[in-house]
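Right under this line is the structure:
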């Protein structure tokens, strides 16, 4: 009996020792939504090791009839965000082959941006081309699902182009819907001046009346002598004509405009201070100034990365002007979203922006901004702004 048990254990160990290991790349440095290779043939008991590359992907078991749907009780790696500048030490996830296996990426599931709907699927021991259960048929089914999602979204957009009452769901993260805006025209009188302005008003947003013609300057400290990754204060309430002056302290940071939906990605045509390297023994600090011309919330972040590839934004280094705290899109929700996405945007793309090699951070930065800078940036942030009366 002892001999039989020992022989059985020995055969099991021998079988494990001879099991093959198959490496599969999940995504790549170009940000493509692809498994490489897309299909393999393996023996039962072999291991498949998935290596997570750039973007934010998952390895989730599906089925041939439903390529983009998780299988009840099936395996899933969860999401693995990988910064654009990471070059090694990639996360891995291992499964054991039990013949056959169908896999998809769950990112942006059931949306037009679905990675599976773009053909990001994988198979173990699928049928050959020409067979009903071939990989080609499996992938084509996934692409057909993606086409249906895009068509449905296009139809909904045509029917209701201004609808903003539905939340955005990406993977396990739900982004609060954008507030409905209305265009308002008001006559503003401040001191001896009167003018008419047209702007986009949001529920809970402040009035468009400046506190004074000169405006108030709000000082924000970026970083600190202790190396903390913070804006202090993290948000301000500012009226039109007010300015926000960012004073850069030790380390090497930026203040870069983003959007609520994509907190760690530069907004097209948004402001950006560039990297501001500040040495440990500096006593005069560089500045960057933004002029507020609207009442809509303004979102910003630091686009610096650490040597391990993690982003300052993904660690919670974000800032806001005029966040509506009574709204689901308040400052806490913005910061939480930045941390949840870990420096990636809601479609899985990595955060934009270069890095600096000084001040304890990584990359190829712009240190020329170490001299004091005071740049005024006029912000519209999606509004229609006009001044059409006399300014005295």
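In mature numbering (1 follows the signal peptide of the UniProt record, and there is no 0), the protein residues as written are -19 to -1, 1 to 373.
The beta-carbon is built from N, C-alpha and C at its ideal position, and this holds for glycine as well.
Identify whether residue 382 lies in helix, strand or coil by the three-state DSSP scheme. Absent from the structure is residue 382, since the part of the chain shown begins at -19 and ends at 373.
Determine the burial state of residue 87: buried for a count of at least 16 other Cβ atoms within 10 Å of its Cβ, exposed for fewer. Residue 87 sits at position 106 when you count from the first residue of the chain shown. Buried.
Considering only the beta carbon of each residue, do residue 245 and residue 294 sit closer than 7 Å? As a position in the chain shown, residue 245 is number 264, starting the count at 1. As a position in the chain shown, residue 294 is number 313, starting the count at 1. For residue 245 and residue 294, yes; Cβs fall inside 7 Å.
Helix, strand or coil for residue 320 per DSSP? Taking the chain shown and counting its residues from 1, one reaches residue 320 at position 339. The answer is helix: DSSP assigns residue 320 an H, G or I state.
Excluding five sequence neighbours on each side, which residues of the same chain lie with their C-beta closer than 7 Å to the C-beta of residue 381? The question about residue 381 has no answer here: the residues shown for the chain are numbered -19 through 373.
Stretch pair the region 155 to 162 + the region 69 to 85: three plus CB contacts closer than 8 Å: no
When the distance is taken between beta carbons, is residue 85 closer than 7 Å to residue 17? Here residue 17 is taken as the residue at index 36 of the chain shown, counted from 1. Here residue 85 is taken as the residue at index 104 of the chain shown, counted from 1. No, these two residues do not count as a Cβ contact at 7 Å.
For the structure I just gave you, are there three or more beta carbon pairs, one from the region 122 to 129 and one from the region 19 to 30, closer than 8 Å? no
Could you tell me whether the Cβ atoms of residue 199 and residue 164 are closer together than 7 Å? In the chain shown, the residue the question calls residue 199 occupies position 218. In the chain shown, the residue the question calls residue 164 occupies position 183. Against a cut-off of 7 Å, the Cβ pair of residue 164 and residue 199 comes out as no contact.
In whole angstroms, what separates the C-alpha of residue 253 from that of residue 236? Position 272 of the chain shown, counted from the start, is the residue given in the question as residue 253. Position 255 of the chain shown, counted from the start, is the residue given in the question as residue 236. When the Cα atoms are used, residue 253 and residue 236 turn out to be separated by approximately 6 Å.
Quick one: grab the DSSP three-state call for residue 359. By one-based count along the chain shown, residue 359 stands at place 378. Confidence at residue 359 is low in this model, with a pLDDT of 36, below 50, so its placement is unreliable and no value can be given for it.
Identify, in the order they occur along the chain, each residue of the same chain with its Cβ nearer than 6 Å to the Cβ of residue 210, setting aside the five sequence neighbours on each side. By one-based count along the chain shown, residue 210 stands at place 229. The answer, listed in chain order, is 293, 296, 298.
Is the number of C-beta pairs between the region 259 to 277 and the region 304 to 315 that are closer than 8 Å three or more? Here the region 259 to 277 does not lie against the region 304 to 315, with fewer than 3 beta-carbon pairs under 8 Å apart.
What did DSSP end up calling residue 117 once you bin it into helix, strand or coil? Within the chain shown, residue 117 is the residue found at index 136, counting from 1. The DSSP-derived three-state label of residue 117 is helix.
Are the CB atoms of residue 73 and residue 32 within a distance shorter than 7 Å? Working through the chain shown from its first residue, we reach residue 32 at position 51. Working through the chain shown from its first residue, we reach residue 73 at position 92. Yes, the Cβ-Cβ distance between residue 32 and residue 73 is below 7 Å.
Determine the direct distance from the alpha carbon of residue 98 to that of residue 434, and round the result to whole angstroms. The displayed coordinates of the chain run from -19 to 373. Any statement about residue 434 would go beyond what the structure contains.
Could you work out which residue in 93, 34, 49 is closest to residue 66 when comparing CA atoms only? Taking the chain shown and counting its residues from 1, one reaches residue 66 at position 85. Ranking 93, 34, 49 by Cα distance to residue 66 puts 34 first.
Which residue marks the beginning of the beta strand (DSSP E) containing residue 62, and which one marks its end? Position 81 of the chain shown holds residue 62. That run of the beta strand (DSSP E) goes 61 to 63.
Residue 273 vs residue 223 beta-carbon contact at 7 Å: Here residue 273 is taken as the residue at index 292 of the chain shown, counted from 1. Here residue 223 is taken as the residue at index 242 of the chain shown, counted from 1. In this structure, residue 223 lies closer than 7 Å to residue 273 by Cβ.
For residue 3, which of 61, 216, 106 has the nearest alpha-carbon? Sequence index remark: in the chain shown, residue 3 carries index 22 (1-based). The candidate whose alpha carbon is nearest that of residue 3 is 106.
Cβ-heavy atom distance between residue 166 and the ligand SAM below 6 Å? The ligand content of the structure shown is nil, which means the ligand SAM is not present either.
Just list the beta strand (DSSP E) runs in the region 213 to 254, keeping only unbroken ones of 3 residues or longer that don't cross its boundaries, in chain order. 224 to 229, 232 to 234, 237 to 239
Taking residue 62 as the reference, which of 38, 212, -2 has the closest Cα? Within the chain shown, numbered from 1, the residue matching residue 62 stands at position 81. The option with the nearest alpha carbon to residue 62 is 38.
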